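Oh and the sequence shown: position 90 is 90 in the UniProt record's numbering, straight run, nothing missing. In this text, a Cβ means the ideal position worked out from N, Cα and C, and glycines have one as well. Predicted model, so just to flag it, every value in this text is computed and none were measured. Please read the structure below before turning to the comments.
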Amino acid sequence: MFCGILAGEVPAFLVADEADGVAFLDTRPVFKGHVLVVPRTHLITLNDLPAEALAGYFGLVQRLARAVETGLGAGGTFVAMNNKVSQSVPHLHTHVVPRTKGDGLRGFFWPRTRYTDDAEAEGFARRVAAALPA
C-alpha cells in the first residue's frame with residue numbers, strides 16, 4: 001500500500017515529498033492531522049534502514065513533528081513506530097500524532113477517527129505542509 005502511494009498509484013493527502021521520504025495523512029488517524037512518514041525505499045523495519053539514511057529520514061520526522069505542532073496549534077506530538085508486532089503495513093513508517101493536553105490518549109491505546117470528507121483531510125494536509133520548516 002505505501003509503495004503504491006510512493007509510486008503515485010494510490011491516492012494520499014501528501015504533506016511532504018522529499019528525497020529522504022514522503023509524508024501523508026493517516027486515513028484512520030488517532031487525531032486529525034496524524035501524519036505517516038515513510039522512506040522512499042521499501043524497507044520493513046527500522047533495522048533495515050541503512051545507517052547513512054538515518055539523519056535524513058529522522059530529520060524529516062523531526063521537521064514534521066514541528067510542523068504538526070505549528071500548523072495545527074497542537075500542544076505537542078506523539079512520535080512512534082512499530083517493528084513487526086502491531087505493524088499493520090509491512091513498510092517502515094513513523095507516526096507523528098498531534099497531541100493536546102487532556103486529549104484522552106493514554107499509554108498505547110490508540111483510538112481511531114475519520115475525516116469528515118476529502119476536503120477536511122486536504123485542509124489538514126495543507127496546514128501541516130505550510131508549517132514544514134525547510
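Candidates the options, of which the one nearest residue i by Cα
{"i": "Pro39", "options": "Arg126, Asn47 and Gly33", "result": "Asn47"}
{"i": "Arg28", "options": "Thr41, Glu18, Phe13 and Leu54", "result": "Phe13"}
{"i": "Val22", "options": "Ala134, Thr100 and Tyr57", "result": "Tyr57"}
{"i": "Asn82", "options": "Leu43, Thr100, Gly75 and Ala119", "result": "Leu43"}
Test item: CB-CB of residue i and residue j under 9 Å
{"i": "Ala129", "j": "Ala16", "result": "yes"}
{"i": "Val92", "j": "Phe31", "result": "Rather than Val, the amino acid found at residue 92 in this sequence is Leu. For Leu92 and Phe31, no; Cβs fall outside 9 Å."}
{"i": "Gly59", "j": "Asp20", "result": "yes"}
{"i": "Thr41", "j": "Ala53", "result": "yes"}
Inter-residue CB distance, residue i and residue j (contact presumed, cutoff 8 Å)
{"i": "Ala121", "j": "Leu36", "result": "Incorrect: roughly 13 Å between the Cβ atoms, too far for contact."}
{"i": "Pro98", "j": "His34", "result": "7 Å"}
{"i": "Thr45", "j": "Lys84", "result": "6 Å"}
Span separating the alpha-carbon of residue i from that of residue j
{"i": "Gln62", "j": "Thr77", "result": "10 Å"}
{"i": "Asp117", "j": "Ala65", "result": "24 Å"}
{"i": "Gly123", "j": "Tyr115", "result": "10 Å"}
{"i": "Pro11", "j": "Gly4", "result": "8 Å"}
{"i": "His95", "j": "Gly73", "result": "18 Å"}
{"i": "Val79", "j": "Glu9", "result": "27 Å"}
{"i": "Ser88", "j": "Ala134", "result": "30 Å"}
{"i": "Val68", "j": "Ala131", "result": "7 Å"}
{"i": "Glu18", "j": "Ala55", "result": "14 Å"}
Cutoff 9 Å: residue i Cβ touching any chain D Cβ
{"i": "Gly104", "result": "This model lacks chain D altogether, as it is built from one protein chain only."}
Alpha helix (DSSP H) segment containing residue i, residue limits
{"i": "Gly59", "result": "Leu54 to Leu72"}
{"i": "Leu6", "result": "Phe2 to Leu6"}
{"i": "Asp118", "result": "Asp118 to Ala131"}
Range covered by the beta strand (DSSP E) that runs through residue i
{"i": "residue 137", "result": "Because the chain is modelled from 1 through 134, residue 137 falls outside the range shown and cannot be assessed."}
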